[in-house]
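Enquirer: All you need for this note's numbering is the position in the sequence shown, starting with 1, plus 729. The beta carbon of each residue, even a glycine, is placed where N, CA and C say it ideally should be. Here's a structure for you.
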Amino acid sequence: MMNENSDSLVFVLQHKNDRFDPMPFSIARSWTEDLGADIALYVMYDALELIKKDAVEGAPDIRESLDALLAAGVSIYACGFCSRACELSTDDYYPGIQVANRQIFHGLMSDRRPLYW
Numbered sequence: 730m731m732n733e734n735s736d737s738l739v740f741v742l743q744h745k746n747d748r749f750d751p752m753p754f755s756i757a758r759s760w761t762e763d764l765g766a767d768i769a770l771y772v773m774y775d776a777l778e779l780i781k782k783d784a785v786e787g788a789p790d791i792r793e794s795l796d797a798l799l800a801a802g803v804s805i806y807a808c809g810f811c812s813r814a815c816e817l818s819t820d821d822y823y824p825g826i827q828v829a830n831r832q833i834f835h836g837l838m839s840d841r842r843p844l845y846w
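Following this line, the structure appears as structure tokens:
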């Protein structure tokens, strides 16, 4: 059951768009730094491409936001099912990003208000 009244948020990134790829990371950073929001990121589907090590190294805006979010203690998860389907593991993702399991997914969706990108 989703907690739609929670002050805690889970920002679910589902798709990539070359023009707007940095935007959800920048928004999450702004909410964390400027508003003090309690936020977690959950990345799935083709958005997983955005958090792979090589992709982040080639995208300074995304790297800067990820570094700031991780330094602020924001949890960033890659969908475990999507990762397995794409044959990706924690080693393929930018350092600090965790691969979620079912328990993490269910905890995020029941304890936080989801916002989809």
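Return helix, strand or coil for P843, following the three-state DSSP convention.
Expert: On the sequence shown, residue 843 is found 114 positions in, with the first residue counted as 1. Residue state, collapsed to three classes: strand.
Enquirer: Where does N734 fall in DSSP's three states?
Expert: On the sequence shown, position 5 is the one that residue 734 refers to. Low confidence applies to N734: its pLDDT is 49, below 50, so where it sits in the model is not reliable, and the reading given next is rough at best. Collapsing the DSSP output to three states places N734 in coil.
Enquirer: In this structure, what does DSSP give as the bridge partners for F740?
Expert: Stepping through the sequence shown from its first residue, residue 740 is reached at position 11. In DSSP, F740 forms a bridge with L770 and L844.
Enquirer: For A801, which residues in the same chain have their Cβ closer than 6 Å to its Cβ, ignoring the five residues on either side in sequence?
Expert: Position 72 of the sequence shown, counted from the start, is the residue given in the question as residue 801. Taken in chain order, the residues that qualify are T761.
Enquirer: Short of 6 Å in beta carbon distance, which residues of its chain neighbour Q827, apart from the five on each side in sequence? Order them along the chain.
Expert: For the purposes of this step, residue 827 is taken as the residue at position 98 of the sequence shown. Within the same chain, Q827 has close Cβ partners Y806.
Enquirer: Would you mind giving the Cβ-Cβ distance between Q743 and Y845, rounded to the nearest angstrom? I have them listed as a contact below 8 Å.
Expert: If you number the sequence shown from 1, residue 743 lands on position 14. If you number the sequence shown from 1, residue 845 lands on position 116. Sure, about 6 Å apart at Cβ, within 8 Å.
Enquirer: For the segment 788-799 against the segment 745-764, do three or more pairs of beta-carbon atoms, one drawn from each stretch, fall closer than 8 Å, so that the two count as touching?
Expert: Contact between the segment 788-799 and the segment 745-764 is present, because at least three Cβ pairs lie under 8 Å.
Enquirer: Expressed to the nearest angstrom, what Euclidean distance is found between the alpha-carbon atoms of V739 and A776?
Expert: If you number the sequence shown from 1, residue 739 lands on position 10. If you number the sequence shown from 1, residue 776 lands on position 47. One C-alpha to the other measures close to 15 Å.
Enquirer: Going by C-alpha to C-alpha distance, which of E816, C815, A814 and L779 sits closest to F749?
Expert: Locating residue 749 in the sequence shown gives position 20, where the first residue counts as 1. When each option's Cα is compared against that of F749, the closest is L779.
Enquirer: So, L837 versus A769, is the Cβ gap smaller than 8 Å?
Expert: Your numbering for residue 837 matches position 108 in the sequence shown. Your numbering for residue 769 matches position 40 in the sequence shown. For L837 and A769, yes; Cβs fall inside 8 Å.
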